[in-house]
Amino acid sequence: MHRGRFCRREFIHRVAKTGAAAALAGATGVHASGQDAPAETPAPDPPAAEPTTPPAPPLARYFGVPAETGELPCTLCPRACKIKPNARGHCQAYTHNADGQLESLGYGKIAKLAVEQIETDHFFHVLPGAQAIFVGAPSCNLHCTYCSEWKMSQFPREKVTTEDIEPSALVEQVGAQGGKLLGFTYTDPAVALEYATDVAVAAREAGIHPIAHTAGYIMPEPMKDYASVLSAINIDIKAYADSTYKRLSQGSLQPVLDAIRAVRETNAWLELTFLVVPGYNNQAGPIKEMCKWIVDNCGPATPLHFVRFFPRYKHRQYQTATTPHVTLKQFRETAYEEGLLFAYVGNVPGDVGESTLCPGCKEVVISRVGTNIGGPNFDPKRGLCTGCGIGIPGIWE
Ligand code: SF4
21 MHRGRFCRRE FIHRVAKTGA AAALAGATGV HASGQDAPAE TPAPDPPAAE
71 PTTPPAPPLA RYFGVPAETG ELPCTLCPRA CKIKPNARGH CQAYTHNADG
121 QLESLGYGKI AKLAVEQIET DHFFHVLPGA QAIFVGAPSC NLHCTYCSEW
171 KMSQFPREKV TTEDIEPSAL VEQVGAQGGK LLGFTYTDPA VALEYATDVA
221 VAAREAGIHP IAHTAGYIMP EPMKDYASVL SAINIDIKAY ADSTYKRLSQ
271 GSLQPVLDAI RAVRETNAWL ELTFLVVPGY NNQAGPIKEM CKWIVDNCGP
321 ATPLHFVRFF PRYKHRQYQT ATTPHVTLKQ FRETAYEEGL LFAYVGNVPG
371 DVGESTLCPG CKEVVISRVG TNIGGPNFDP KRGLCTGCGI GIPGIWE
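Mind the numbering: the sequence shown is residues 21 to 417 in the working numbering, read in order.
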């Protein structure tokens, strides 16, 4: 994993310093003009401190009316939790508060922040080679048996260390570093959707592309609302059979397909990721069906990434194998046969399947060897293959 110019701790420290500087200015008699107050004028006694009202808790945006039993329905994700007073939903990220409203516990809470090259998150048609600042909130609404961030996603939230960062402060710091991309990943943005949305809106206003990687286990309306403020989104399809979905993540397939369709109604650039787990979701038949579904419902120009699996979390104990290289190559061929124009293999540095081929002349237009990116036949200003002039869709500038 590539690390960038500043680590999470340093980033947070910078935010803290900015806030501290502003507070000091008020306490030392520095005028708004930046000049010191004249020495002969004694400073008046400061007024007695007014009691401050604590900020209102951040409310969730997607909940219904309480039932006669007092349970409050959360309408954000397909789990459709009915939450008793003072209790939390299945994901631990939303609570039924004393006012009978649903409160977001994830608002402003960042459990991980890192700078990584955009390709590490399987975005191949978005600013190739650019560095992105990625953040993640604690908890998750799925329980993937291979989650690489399981200590963030599956631990009780009180055991996950977080830092508080307001959307504007986060965006300001990304802008100050010259960042062009700010993304939610690591865990699912669903567990802090209100925060992720506010961050995305603030990023857009600052000229930064907001992006997200999600499992898409979100109801169509909130999914569409969130995607509407994003520049690009990558959605995982974890299996193309409901029983396997449950086995791998305790989720289900149809809601994810519905969420993907909801995203297609927005202008967000969409890429899809399929992690190939040997013995679970690696049957040729469902893969072929999935590729057909993508062509029919998302369009042939939707990039699809078949990503190599390495055993992590519970799969170390299960002794699940690493995905054979040949399987990834076969699935990429299947995708082309079914009509997709951009199919990739992931986590196989040096394989031509990591490069973008022109659907017209079949030449490499954007080459990738690990994090080394080249554009031998690509005009990023016009988004064209320079060999045959065909347009390559994506966000290139
Ligand atoms: S977002 Fe959380 S609280 Fe809401 S329905 Fe899903 S799991 Fe339940």
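Each residue gets a CB set at the ideal place from its N, CA and C atoms; glycine is no exception.
Which residue from the options puts its Cα closest to that of residue i?
i, options, result
"ASN287", "GLY236, VAL297, ALA252 and PHE294", "ALA252"
"LEU377", "ILE255, VAL346, GLY409 and VAL297", "GLY409"
"GLU421", "ILE228, TRP313 and SER387", "For the chain, the structure presents residues 21 to 417; residue 421 sits outside this window and is missing."
"GLU186", "THR217, LYS200 and PRO176", "THR217"
"LEU290", "LEU324, LYS200 and GLN121", "LEU324"
"GLY380", "ALA321, GLY366, THR165 and PHE330", "ALA321"
"ALA235", "SER375, LEU273, ALA355 and ALA223", "LEU273"
"THR391", "GLY366, GLY407, LEU96 and LEU360", "GLY366"
Which one or two residues does DSSP pair with residue i in a beta bridge?
i, result
"THR376", "ILE386"
"ASN392", "VAL389"
"LEU295", "VAL327"
"TYR364", "HIS325"
"SER124", "TYR114"
"PRO230", "LEU202"
"ASP399", "LEU404"
"CYS94", "PHE83"
Alpha carbon to alpha carbon, what distance is there between residue j and residue i?
i, j, result
"PRO400", "LYS382", "18 Å"
"VAL146", "LEU292", "13 Å"
"ALA45", "ASN161", "With a pLDDT of only 26 at ALA45, under 50, the local geometry of the prediction cannot be trusted, and no value is derived from it."
"GLU285", "ILE393", "31 Å"
"GLU241", "TYR215", "17 Å"
"ARG99", "PRO396", "47 Å"
"GLU309", "PHE154", "32 Å"
"THR207", "TYR338", "23 Å"
"PRO413", "ASN106", "48 Å"
"MET243", "ALA282", "7 Å"
"GLU353", "PRO93", "44 Å"
"GLU493", "ALA304", "An answer regarding residue 493 cannot be provided, because it is not within the stretch 21 to 417 covered by the chain."
"PRO86", "LEU190", "34 Å"
"SER263", "ASN301", "10 Å"
If you drop the 5 nearest sequence neighbours on each side, which residues of the same chain put their C-beta closer than 7 Å to that of residue i?
i, result
"LYS37", "Any reading at LYS37 is ruled out, since the residue's pLDDT is 39, under 50, leaving its predicted position unreliable."
"GLY411", "GLY403 and LEU404"
"TRP170", "TYR333"
"GLY149", "GLN137 and ILE393"
Could you name the residues of the same chain whose beta carbon sits closer than 6 Å to that of residue i, not counting the 5 residues immediately before and after it, in chain order?
i, result
"ALA113", "LEU125, GLY126, SER159 and VAL211"
"ARG108", "THR115"
"LEU295", "VAL327 and PHE329"
"PRO209", "ALA216, ALA232 and THR234"
For residue i, which residues of its own chain have a beta-carbon under 8 Å away from its beta-carbon, when the five flanking residues on both sides are left out?
i, result
"ALA52", "With a pLDDT of 28 at ALA52, under the threshold of 50, the modelled position of this residue cannot be trusted; read the value that follows with caution. Excluding residues within five positions, none has a Cβ falling inside 8 Å."
"PRO78", "GLU123, SER124, TYR127, GLY128, GLU214 and TYR215"
Whose beta carbon lies closer than 6 Å to any heavy atom of ligand 1, going through the chain in order?
CYS94, LEU96, CYS97, ARG99, ALA100, CYS101, GLY109, HIS110, CYS111, ALA113, TYR114, ASN161 and ALA210
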